[in-house]
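This report concerns only the one structure given below.
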Amino acid sequence: MNNITISIKKHISPIFILLFLLPIHFANATGEQILQAEVNELKVILQFLLVENKTPIGSIVAFAGTKETIPKGWLLCDGKSLAQKNYPDLYKVIQTAWGNGSNDNNPKTNFNLPDLRGRFLRGAALNTTNDPDKSKRTASAKGGNTGNKVGTVQSDATKMPNAVFKTEPNGKHHHKVPTMGVTAGKGPEVASRRSPKPDFDGASTEKDGKHNHKITGGDKETRPKNAAVHFIIKAY
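Residue numbers for the sequence shown follow this note's numbering, beginning at 95 and rising by one.
See the structure below:
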């Protein structure tokens with residue numbers, strides 16, 4: 095109820111402006127038209143208030159604006175340490191899942207916001223097998239959750255693709271091996287002498303030379319196509 099009261103107070107001025115200035119704007123309209131216009135505008139504001147107050151504390155959404163235009167009641171998910179007493183509703187929901195705020199030496203009185211800068215979100219696996227490494231998940235910040243829980247993080251990893259990478263299969267080849275030829279001449283003595291010049295028409299290696307090569311290269315990370323936004327969390 096307190097949140098609703100605060101929100102209504104925040105928008106009370108626009109409501110009065112609509113009630114008192116619309117008749118001036120519609121000076122040539124009938125009383126019924128003026129009343130209908132006021133009702134329609136009031137409906138828009140009330141719908142906004144209802145939607146705003148139905149958003150649960152702790153909700154995380156993608157925000158396309160700048161840090162300076164984040165709406166009131168929302169905070170940037172930047173891992174900041176906050177005092178529990180200043181954000182009691184938010185602390186009641188997330189507690190120290192994302193860290194206990196110990197960076198400022200107050201682990202018993204603070205807590206961390208989620209730090210989602212440069213990160214993708216992933217649903218907690220719970221009792222499914224959708225995250226094969228769920229038990230190895232680490233804390234987002236000191237004192238935060240570990241294992242198969244909300245607030246944990248994972249580092250980069252690359253699975254062997256279903257379509258395995260391989261080199262071209264037709265790598266069969268052979269190499270010439272030079273041999274020392276026999277010099278021309280008469281008689282067994284002459285025929286047995288070896289020429290100092292190599293004979294490149296001699297033997298060769300086996301033709302079954304099929305083999306693989308190591309693949310090198312790659313980028314700094316494995317990622318899908320993406321667009322940058324700010325993740326913000328409903329705080330009050």
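C-beta: ideal position from N, C-alpha, C; glycine also.
Express the C-alpha separation of Val244 and Ser229 in angstroms, rounding to a whole number.
Residue numbering aside, residue 229 sits at position 135 when the sequence shown is read from its first letter. Residue numbering aside, residue 244 sits at position 150 when the sequence shown is read from its first letter. Here the alpha carbons of Val244 and Ser229 stand approximately 12 Å from one another.
Nearest to Ser175 (by Cα), restricted to the options Ile188, Arg213, Thr149, Ile164:
One-based indexing of the sequence shown puts residue 175 at position 81. When each option's Cα is compared against that of Ser175, the closest is Ile188.
Check this for me: beta carbons of Tyr330 and Ile139, under 8 Å apart or not?
One-based indexing of the sequence shown puts residue 330 at position 236. One-based indexing of the sequence shown puts residue 139 at position 45. No, the pair does not count as a contact, with Cβ atoms beyond the cut-off.
To which residues of the same chain is Lys314 closer than 7 Å at the C-beta, ignoring the five residues directly before and after it?
On the sequence shown, residue 314 is found 220 positions in, with the first residue counted as 1. So no residue of the chain qualifies.
Give me the Cα-Cα distance between Ala321 and Arg211, rounded to the nearest whole angstrom.
Here residue 321 corresponds to residue number 227 of the sequence shown, with the count starting at 1. Here residue 211 corresponds to residue number 117 of the sequence shown, with the count starting at 1. Approximately 13 Å, taken between the alpha carbons.
From Leu220, Lys253, Met254, Ala251, pick the residue whose C-alpha is nearest to that of Gly241; which is it?
As a first step, residue 241 must be located in the sequence shown, where it is residue number 147. Ranking Leu220, Lys253, Met254, Ala251 by Cα distance to Gly241 puts Leu220 first.
Reducing DSSP to helix, strand and coil, say where Val138 ends up.
Within the sequence shown, numbered from 1, the residue matching residue 138 stands at position 44. Under the three-state reduction of DSSP output, Val138 falls in the helix class.
Under 8 Å between C-beta atoms of Asn206 and Gly167:
Looking up residue 206 in the sequence shown gives position 112. Looking up residue 167 in the sequence shown gives position 73. Cβ distance not < 8 Å, so Asn206 and Gly167 don't count as in contact.
Report yes if the CB atom of Leu169 is closer than 8 Å to the CB atom of Lys161, and no otherwise.
Sequence index remark: in the sequence shown, residue 169 carries index 75 (1-based). Sequence index remark: in the sequence shown, residue 161 carries index 67 (1-based). With a cutoff of 8 Å on beta-carbon distance, Leu169 and Lys161 are scored as not near each other.
Among Lys260, Pro201, Gln248, which has the Cα closest to the Cα of His307?
The residue you call residue 307 lines up with position 213 of the sequence shown. Closest by alpha carbon: Lys260.
Determine the closest residue to Ser234 out of Lys253, Thr252, Met254, Arg213, with distance taken between C-alpha atoms.
Your numbering for residue 234 matches position 140 in the sequence shown. Looking at the Cα atoms, Arg213 is the closest of the given residues.
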